Amino acid sequence: MQCKIILFTAFFVALVIALSPLFQRLGDSFSSFDGIGAPSPGALPCLKAGRVMPVSSAAADSLKLASGRTSVNLGGSRTGPVKWLLALNACPAKMAGEPFLRSDNRDMVEFLGGRGRYFSYADAVEKAGLLRGSLRGNSHQAHAAEAVLGALAVYEQAGVALALRLEGTSGCLGTLDAWHEAMVEASAELEAAEREKRHPSLDRLYRANRYFQFLQTLVQVEEADPNVALRVIPHEGSYLTPAAALLEKNLSPAGRTALKAYAAACDAYAAGDESTAAETLRQLSGELESILPMDSFKLHFEHCINALEPFFGGFLLYGMSLVCFVVSLFLKRRKALLHFATVFLCMAVLWHLFGIAARMYIQSRPPVTNLYSSVVFAGVVASLFGGTLYILRRQLPVAAVACASGLLSLLVAMNLPYSGDTMGMMRAVLNSNFWLSMHVMTIMIGYGSVFFAGFLASYHLVARFFGFGQGEKGLKAGSCGVYRILLVALFFCFLGTMLGGIWADMSWGRFWGWDPKENGALMTLLWCSCTLHARLLHVCSCQGFLVLASLGNIVAAWGWFGVNLMGIGLHSYGFVKGGWFWFFLFVGLQVLAAASALIPQRSR
Numbered sequence: 001m002q003c004k005i006i007l008f009t010a011f012f013v014a015l016v017i018a019l020s021p022l023f024q025r026l027g028d029s030f031s032s033f034d035g036i037g038a039p040s041p042g043a044l045p046c047l048k049a050g051r052v053m054p055v056s057s058a059a060a061d062s063l064k065l066a067s068g069r070t071s072v073n074l075g076g077s078r079t080g081p082v083k084w085l086l087a088l089n090a091c092p093a094k095m096a097g098e099p100f101l102r103s104d105n106r107d108m109v110e111f112l113g114g115r116g117r118y119f120s121y122a123d124a125v126e127k128a129g130l131l132r133g134s135l136r137g138n139s140h141q142a143h144a145a146e147a148v149l150g151a152l153a154v155y156e157q158a159g160v161a162l163a164l165r166l167e168g169t170s171g172c173l174g175t176l177d178a179w180h181e182a183m184v185e186a187s188a189e190l191e192a193a194e195r196e197k198r199h200p201s202l203d204r205l206y207r208a209n210r211y212f213q214f215l216q217t218l219v220q221v222e223e224a225d226p227n228v229a230l231r232v233i234p235h236e237g238s239y240l241t242p243a244a245a246l247l248e249k250n251l252s253p254a255g256r257t258a259l260k261a262y263a264a265a266c267d268a269y270a271a272g273d274e275s276t277a278a279e280t281l282r283q284l285s286g287e288l289e290s291i292l293p294m295d296s297f298k299l300h301f302e303h304c305i306n307a308l309e310p311f312f313g314g315f316l317l318y319g320m321s322l323v324c325f326v327v328s329l330f331l332k333r334r335k336a337l338l339h340f341a342t343v344f345l346c347m348a349v350l351w352h353l354f355g356i357a358a359r360m361y362i363q364s365r366p367p368v369t370n371l372y373s374s375v376v377f378a379g380v381v382a383s384l385f386g387g388t389l390y391i392l393r394r395q396l397p398v399a400a401v402a403c404a405s406g407l408l409s410l411l412v413a414m415n416l417p418y419s420g421d422t423m424g425m426m427r428a429v430l431n432s433n434f435w436l437s438m439h440v441m442t443i444m445i446g447y448g449s450v451f452f453a454g455f456l457a458s459y460h461l462v463a464r465f466f467g468f469g470q471g472e473k474g475l476k477a478g479s480c481g482v483y484r485i486l487l488v489a490l491f492f493c494f495l496g497t498m499l500g501g502i503w504a505d506m507s508w509g510r511f512w513g514w515d516p517k518e519n520g521a522l523m524t525l526l527w528c529s530c531t532l533h534a535r536l537l538h539v540c541s542c543q544g545f546l547v548l549a550s551l552g553n554i555v556a557a558w559g560w561f562g563v564n565l566m567g568i569g570l571h572s573y574g575f576v577k578g579g580w581f582w583f584f585l586f587v588g589l590q591v592l593a594a595a596s597a598l599i600p601q602r603s604r
């Protein structure tokens with residue numbers, strides 16, 4: 001009976017932790033615009049990066065690109081992405097002074113006049129010319145300037161995503177009226193000039209021409225970087241930005257409705273009437289659902305997933321489980337704590353899997369489509385592998401490593417440079433090929449297994465160094481477990497590499513091309529094979545085998561992340577900028593773990 005009470009309590013606590021991101025959305029600062037009730041402003045359709053998604057996803061992606069976060073502090077309260085986007089369009093002058101744009105280069109922030117890591121748009125736009133002049137070269141300042149200019153571009157595109165304010169007009173609705181009046185006036189003048197066989201009066205065409213040039217400039221900027229633009233105005237099966245919608249001669253009825261509703265919401269928000277703004281957007285959401293042929297359920301589902309943040313909930317659960325397992329290693333009476341740790345681990349894996357399944361449903365694609373999803377997928381492979389072994393054999397080190405693997409994968413995924421949990425349209429090379437889908441999934445299962453084996457080997461080496469292991473007996477048992485895991489890793493790495501070759505032969509006309517990514521996969525495969533053969537042929541001791549398995553993490557990390565950081569080769573869809581520091585930090589830690597085998601064991 002006592003065991004059941006402990007398990008029920010652990011399950012309840014785990015559920016509260018998993019749902020904690022959702023509870024924040026129920027607060028006053030989130031509920032009006034970012035709440036999950038239906039209809040919700042956050043579930044309004046938006047086209048961004050080639051995919052129709054809810055506004056909450058598009059706004060969160062833009063905010064993450066600009067500030068590295070999915071929420072900001074405005075007026076002393078935490079503000080969600082939808083409200084941030086509305087404020088950006090409704091109060092451009094006020095928002096320009098808010099320091100929520102981010103740069104990790106402290107010298108750059110100081111140069112812009114910001115504090116810490118954050119600066120405002122007003123700070124940066126004044127020095128945009130100097131920033132463009134510093135783009136030459138490959139220095140840290142050049143990369144920082146490029147990142148700041150990228151954040152400014154995202155800010156500017158988001159600032160005209162919902163409504164526009166033309167010069168000399170009052171409010172966003174006033175802009176629509178002024179544009180309509182200017183077009184009517186210009187059309188009447190052109191018709192009169194043609195009828196009277198005279199040149200049209202430039203004075204009567206001036207206002208329309210000025211507005212037209214402004215809108216044309218906005219459209220050209222949007223077309224120059226189409227993946228950044230947010231298109232929220234529906235029109236004939238697609239979506240337009242407000243600028244493009246105003247230039248459209250025959251805008252659809254749904255487009256006209258959305259254009260007016262967004263303008264009215266921005267005006268209401270600018271006047272301080274947030275409730276009216278939210279209600280206007282909710283009404284628009286309901287109207288568009290009844291007018292447009294769209295998958296409303298999928299939009300609402302993705303919006304709810306944004307609020308739920310399953311990967312962040314899994315991250316918290318992995319952390320709690322890891323703490324419980326580590327503490328239990330030092331306790332004699334640890335049964336109750338182990339129950340909590342086990343429940344936390346199971347819930348973390350389930351939440352992790354649920355997040356992946358949700359992404360698959362939203363994208364209608366396999367679980368691995370980009371670098372972000374590969375990290376998430378490899379992490380759940382390692383944690384699922386370790387959790388299963390722990391339940392079968394009740395080995396605490398295995399459970400602790402499983403928690404650490406899941407925790408580290410989600411931590412890396414959440415902090416990838418300029419990467420969020422929004423899912424744009426995949427590049428054509430990743431879009432529909434069966435063999436490529438099989439290749440990336442199998443190779444990531446292999447990489448996940450390699451990392452799990454490497455982390456488990458590192459644990460046994462470090463435990464031996466600090467005197468927490470069981471001597472030679474513990475090393476032998478640990479090497480047997482790592483050996484079995486590496487067998488699985490070798491199988492999937494080999495299968496994944498072969499499937500990748502089949503896909504390359506079908507897509508590029510050659511099975512193997514010595515591309516950096518291909519070389520990385522081959523290096524990982526050969527290292528696993530050499531490590532296993534070293535043990536089978538008794539070339540090294542159990543401790544030496546664990547050292548080789550631990551160093552295998554460096555080889556796998558290079559084949560997975562290192563070539564992406566290099567930015568060369570045919571696998572350009574996975575390139576990232578920055579991250580060398582963290583990569584070499586990981587390499588250094590793995591080298592330290594392996595080097596601990598050279599130091600005599602400490603007495604406990």
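Using UniProt numbering, the first residue of the sequence shown is number 1, and each one after it goes up by one.
By construction, the Cβ of each residue, glycine as well, lies at the ideal position given by its N, Cα and C atoms.
No experiment lies behind these values; they were computed from the predicted model shown.
Simplified DSSP assignment, three categories, for K335 | Helix, per DSSP.
Between F344 and F452, which are expected to be in contact by the criterion C-beta below 8 angstroms, what is the C-beta distance as a whole number of angstroms?
-> In fact, because the Cβ distance is near 18 angstroms, the residues do not count as touching under 8 angstroms.
Run through DSSP, which three-state label would N105 get?
-> If DSSP states are grouped into helix, strand and coil, N105 belongs with coil.
How long is the line joining the alpha carbons of A277 and P253, rounded to whole angstroms?
-> Their Cα atoms are separated by approximately 21 angstroms.
Does the Cβ of I391 have 16 or more other Cβ atoms within 10 Å, making it buried, or fewer, making it exposed?
-> It counts as exposed.
With distances taken between CB atoms, is the gap from V368 to M441 smaller than 7 angstroms?
-> Contact: yes.
Buried/exposed call for V591, threshold 16 Cβ in 10 Å | Counting the other Cβ atoms within 10 Å of the Cβ of V591 gives fewer than 16, which makes it exposed.
How would you label A271, buried or exposed, when you count the other beta carbons within 10 angstroms and need 16 or more for buried?
-> Taking all protein chains in view, the Cβ of A271 is surrounded by fewer than 16 other Cβ atoms within 10 Å, so the residue is classified as exposed.
Between which two residues does the beta strand (DSSP E) containing T79 stretch?
-> Counting along the chain, T79 sits inside the beta strand (DSSP E) bounded by residues 77 to 79.
Look up V228 in the DSSP assignment and say whether it is helix, strand or coil.
-> Here V228 sits in coil by DSSP.
Beta bridge counterpart(s) of L47 as assigned by DSSP | Note: L47 sits in a beta bridge opposite V52, R231.
Sequence ranges, alpha helix (DSSP H) only - wholly within the segment 173 to 217, length at least 4 = Runs of the alpha helix (DSSP H) spanning 4 or more residues and lying entirely within the segment 173 to 217 do not occur at all.
State the start and end residues of the unbroken beta strand (DSSP E) segment that holds L522.
-> Not the beta strand (DSSP E): L522 falls in the alpha helix (DSSP H), residues 516 to 536.
Compute the Euclidean distance between the alpha carbons of A186 and T257, then round it to the nearest angstrom.
-> Going from the Cα of A186 to the Cα of T257 covers about 24 angstroms.
If we ignore side chains and look at the alpha-carbon of each, how far apart do A178 and V125 end up?
-> Cα atoms of A178 and V125: separation of roughly 28 angstroms, rounded to the nearest angstrom.
Compare the C-beta of I17 against all C-beta atoms of chain D and say whether one is closer than 7 angstroms.
-> Considering every chain present, this structure includes no chain D. It has just one protein chain.
Which residues in the same chain have their Cβ closer than 8 angstroms to the Cβ of L487, if we skip the five residues on either side of it in sequence?
-> Counting only residues of its own chain and dropping the five nearest sequence neighbours on each side, L487 has a CB closer than 8 angstroms to the CB of L532.
Is the beta carbon of S374 sitting closer than 7 angstroms to the one on M444?
-> Closer than 7 angstroms, so yes.
Do the segment 316 to 333 and the segment 392 to 403 make contact, defined as three or more Cβ pairs closer than 8 angstroms?
-> With a cut-off of 8 angstroms on Cβ pairs, the segment 316 to 333 is in contact with the segment 392 to 403, counting three or more such pairs.
Assumed close pair S328, H352 - CB separation to whole angstroms, cut-off 8 angstroms = Contact flag wrong, Cβ pair sits at about 22 angstroms.
Comparing alpha-carbon positions, which option in P39, L15, A557 lies nearest S290?
-> Each of P39, L15, A557 was checked against the Cα of S290, and the nearest Cα belongs to P39.
Just the C-alpha distance for F434 and G559, rounded to the nearest angstrom, thanks.
-> C-alpha separation (whole angstroms): 23 angstroms.
Return the CA-CA distance between E194 and V184, expressed in angstroms with no decimal places.
-> Those two C-alpha atoms are separated by around 15 angstroms.
What separation, rounded to the nearest whole angstrom, lies between the Cα atoms of V326 and P310?
-> Distance between the alpha carbons of V326 and P310 is about 24 angstroms.
Own chain, CB closer than 7 angstroms to A158, minus 5 neighbours either side, in chain order = Apart from the 5 residues on each side of it in sequence, A158 sits with its Cβ closer than 7 angstroms to the Cβ of S62, L85, L88, L230 in its chain, given in chain order.
Within this structure, are the beta carbons of A58 and L299 separated by less than 7 angstroms?
-> No, the Cβ-Cβ distance between A58 and L299 is not below 7 angstroms.
Quick one: grab the DSSP three-state call for F377.
-> F377: helix per DSSP, three-state reduction.
Pick helix, strand or coil for M425, following the three-state DSSP scheme.
-> Note that M425 scores 46 on pLDDT, short of 50, meaning its location in the model is unreliable and no value can be drawn from it.
Helix, strand or coil: which one does DSSP assign to L15?
-> It is helical.
Can at least three beta-carbon pairs, one atom from the segment 114 to 129 and one from the segment 91 to 102, be found at a separation below 8 angstroms?
-> Yes, the segment 114 to 129 touches the segment 91 to 102.
Near I6, which residues of its chain fall below 6 angstroms by C-beta distance, leaving aside the five closest residues on each side in sequence?
-> Hits under 6 angstroms: A336, H339.
For N73, does the three-state DSSP call read helix, strand or coil?
-> N73 sits in a strand when the DSSP states are folded into three classes.
CA-CA distance, Y447 and L247?
-> Approximately 50 angstroms between the Cα atoms of the pair.
Have a look at K83, V555, L499 and flag the residue whose alpha-carbon is nearest the alpha-carbon of D273.
-> Of the candidates K83, V555, L499, the one whose C-alpha sits nearest the C-alpha of D273 is K83.
Report the option in L525, E196, H180, R198 whose CA atom is closest to the CA atom of F212.
-> If we check each option's Cα against that of F212, H180 comes out closest.
So what does DSSP say about L551, is it helix, strand or coil?
-> Reduced to three states, the DSSP call for L551 is helix.
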